[in-house]
Structures are given as structure tokens and as C-alpha cells.
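Worksheet for the structure shown next.
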């Protein structure tokens with residue numbers, strides 16, 4: 001649990017069940033915050049750094065980092081992530097909203113809430129359909145952007161206390177969205193308890209979260225950073241929701257973000273085969289036990305060595321290298337592998353709120369995507385590899401001119 005006013009806290013017990021059987025299986029050292037982008041390369045400008053280690057709970061099977069950075073440091077201070085800069089994510093979100101409107105027969109009498117609603121990228125689809133909505137997000141910039149496009153947004157961290165206030169105002173939800181936020185909250189149980197209080201008796205919470213199995217199997221270690229506190233299995237999720245009178249009744253596998261789950265959580269229990277089969281699958285693979293994770297550290301070390309060797313070999317041959325995506329995962333990758341300005345000339349990103357700033361730790365400058373055609377580097381390291389197809393399509397001219405992409409995971413390769 002976060003101590004008010006503290007920069008960070010080292011957790012001694014599980015974030016979910018409170019159990020003490022916590023085994024650390026990966027240590028990535030001390031790294032800067034992945035979404036805090038320095039405005040200059042001034043070496044005297046100090047960046048906050050924190051330990052980044054990952055552990056497994058033997059009591060409830062939750063994979064989690066062991067350091068909790070104060071959420072106000074992480075999310076409320078010039079948070080640079082805006083969902084609407086990814087066309088793939090916009091399409092993904094539109095399809096999700098349209099599916100729920102049809103499945104749940106939503107109309108003007110319904111009410112949809114999104115937790116961590118960002119810039120209104122998802123809720124705007126409901127607004128366009130005439131369905132009342134409320135976004136809840138603690139980041140001022142994205143929340144203001146949502147208001148500008150007609151998405152009512154409350155500037156706040158979601159909690160059980162806020163849920164109680166909304167419930168008293170008769171603002172219980174038919175649908176609660178929570179995309180890529182459950183893993184980010186310091187008070188995991190308070191967040192889920194809040195969902196239980198805000199949801200109507202016949203409502204559904206639709207939650208998306210990265211899945212731990214592809215993270216381990218595909219060596220997606222760069223998805224580990226201080227904002228991501230938890231890495232969920234279905235086994236761990238089922239236990240978490242049941243603790244608060246909620247039931248994980250259905251799951252869908254998604255390819256987005258390197259492999260995610262869409263969870264359908266309700267007040268009433270009618271667990272489908274998609275859930276029971278996946279829990280059985282996890283048990284058969286050993287995902288609910290520590291042994292599954294013990295080789296991950298060695299696999300990560302191997303990838304780091306291979307990527308570093310590839311980049312330095314290309315650089316030694318006279319090649320120029322840039323990178324695409326000032327993403328949080330990119331910050332983990334460059335800082336744990338040790339990729340600096342001596343290797344990467346610059347990073348490009350479509351997000352105007354990141355342009356003109358620098359990557360955490362390594363202080364690599366961030367430029368608009370047009371810089372790729374202006375400089376035409378020989379290679380581009382894809383830091384935002386979860387949007388690889390979108391990036392390749394977007395940069396067709398760069399490739400036509402002979403440019404090549406380096407994809408770092410699951411093993412470094414040139415495409």
C-alpha cells in the first residue's frame with residue numbers, strides 16, 4: 001500500500017492477496033520512470049530512479065513488481081500518453097464499443113463509465129451513439145483533451161471512495177471499461193472493490209490487461225516498468241475478483257500490446273468455458289507456480305546481449321540507426337540494455353506531447369516521424385513493437401527508400 005507523500009515503497013506482501021510467499025525471479029536494476037521525459041539533455045538534470053524487480057506470489061499466483069512508486073509521481077505530473085495517436089488502438093476501441101452496444105442493447109437510458117479514460121479515445125464512440133458516459137482519469141492533459149471532444153471527464157484517481165460517491169448520486173454503470181489500468185493501480189483491491197460498488201447488479205465490467213503468458217514466452221521483458229505493477233494470469237484474476245464478490249465469466253484473447261486479455265466481469269456467476277479452459281491450461285503449463293518463471297531472467301539476459309551486439313555491429317559498419325516509439329517499453333529496453341546516444345541518433349513518435357523531449361535515462365532526443373524521411377537512417381529500432389504492422393504501413397516510403405526495421409523481441413531481427 002502506498003504511503004501518502006512517499007516517493008516509493010518496497011512491498012513486503014502480495015498486492016492482491018496479502019500473502020507473504022513472494023519470490024523475486026527477475027531484477028532489472030534501478031531505472032528511471034518510463035513516462036517521465038526530460039526536456040533537455042542537461043546531465044545535471046536529475047531523474048528519479050527506482051528499483052525494478054519482478055516477483056511471483058505463491059499464494060495467489062500473481063506476478064508483480066516489488067516497488068510501488070507514488071501514483072501522483074507516475075500519472076498526474078505532465079503524463080505524456082495520449083491514446084488517440086494510435087490508429088490501431090482507435091480501431092480496436094471502436095470495435096469494442098460497438099460490440100458492447102449491440103450485445104448489451106445500450107441506448108440513451110444506459111450509462112457507461114471508463115476508468116483511466118485518457119483522452120476520450122473509447123468513450124467518444126458511445127457519445128456518438130447518444131449513450132451517456134463518464135470518464136475518470138487523473139492526468140490533466142488527456143482529461144482536458146477528452147472534454148474538448150465532448151466526453152465528460154472527472155479529474156481523479158478511481159477508488160472505492162469515489163465509487164461510493166457516484167453510487168450515492170445514482171450513477172451506477174451498465175458498462176465499466178478499464179483498459180490497461182488494472183495493472184497500474186497501487187491499491188489493487190480498492191480499485192476492484194470500487195468496480196463492485198459502481199457496477200449495476202446486471203452490469204458488466206469490461207477490462208483489458210496484458211497477459212503474463214506471452215510476456216514470459218515471448219521475452220517481452222520491456223513491458224515491465226514502474227507504471228505496470230501487476231502481470232496477470234487468469235488464475236490470479238479469478239481469485240482477485242472473487243475476493244470482492246465479482247465473477248470473471250468470459251475472456252477473449254487479443255493480439256494488442258503483445259498479447260492481452262479482455263475480461264468480462266459481472267456481479268452474477270456464470271463462468272464460461274473460455275475461463276475454465278484457460279485456468280486448466282495455466283495449471284497444465286505450470287503458470288500458477290514459480291518454476292514457470294525461473295528461466296526468464298536468463299532468457300532476458302540472452303536477448304539483451306544479442307540486441308546490443310547487433311546494434312553495435314551495425315554501428316561499427318558505419319550504419320546510422322534511429323528508433324521508433326517513445327513508448328514506456330522503449331525506456332525499459334534502452335536503459336536495461338544500455339542503448340544510448342552513441343548508438344541511436346534519435347527517436348521518432350507521432351505524439352506531439354513527446355516531441356522535443358528526450359528518452360528517460362539515455363536522453364535520446366524525440367522528434368516527429370517526418371524525421372525518418374529527412375534523415376533516412378539505415379535502420380530503425382522499433383521500440384513500440386506492439387504496433388509494428390501500423391508502423392511499417394505508415395513508413396512505407398522509408399522502406400521503399402531502402403530503410404530497414406529492427407524488431408527487438410522475442411529475438412532481435414531485421415525486417
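Residue numbers (full-length UniProt numbering): 1 to 415. For every residue, glycine included, the Cβ atom is placed at its ideal position computed from N, Cα and C.
For the pair residue 188 and residue 182, the Cα-to-Cα distance works out to about 7 Å. A straight-line Cα-Cα distance of about 43 Å links residue 390 and residue 20. If you look at residue 51, you'll find it isn't in any alpha helix (DSSP H); it sits in the beta strand (DSSP E) that goes 49 to 57.
Judged by DSSP secondary structure, residue 209 falls within the beta strand (DSSP E) whose first and last residues are 199 to 210. Taking a contact as a CB-CB distance under 8 Å, the pair residue 379 and residue 334 does not count as one, their CB atoms being some 15 Å apart. An exposed status is given to residue 294, since fewer than 16 other beta-carbon atoms sit within 10 Å of its beta-carbon. Following the DSSP letters along the chain, one finds residue 262 inside the beta strand (DSSP E) bounded by residues 260 to 266. By the CB criterion at 7 Å, residue 141 and residue 117 fall outside the cutoff. Exclusion of the five residues before and after residue 239 leaves 60 as the residues of its chain whose Cβ lies within less than 6 Å of its Cβ. Contact check for residue 244 against residue 196 passes: the beta carbons are separated by less than 7 Å. Residue 330 and residue 157 have their C-alpha atoms roughly 26 Å apart.
Within the same chain, 158, 159, 160, 162, 163 come within 7 Å of residue 194 by CB-CB distance, once the 5 residues on both sides are set aside. Residue 10: member of the beta strand (DSSP E) spanning 8 to 10, first to last residue.
Judged by DSSP in its simplified three-state form, residue 87 adopts helix. Short of 7 Å from the beta carbon of residue 205, and not among the five residues preceding or following it, lie these beta carbons of its own chain, in chain order: 176, 178, 195, 199, 265. When secondary structure is reduced to three states using DSSP, residue 64 falls in the strand class. With a minimum length of 4 residues, the unbroken runs of alpha helix (DSSP H) contained wholly in the region 269 to 303 fall at 273 to 285. A direct Cα-Cα distance of roughly 27 Å separates residue 151 from residue 326. Taking a cut-off of 8 Å for Cβ pairs, the region 204 to 223 and the region 118 to 125 do not touch, as fewer than three such pairs fall below it.
Counting only the Cα atoms, residue 372 lies some 16 Å from residue 354. Runs of the beta strand (DSSP E) spanning 3 or more residues and lying entirely within the region 95 to 133 occur at 112 to 115, in chain order. Counting of Cβ neighbours within 10 angstroms places residue 138 among the buried residues, the total reaching 16 or more.
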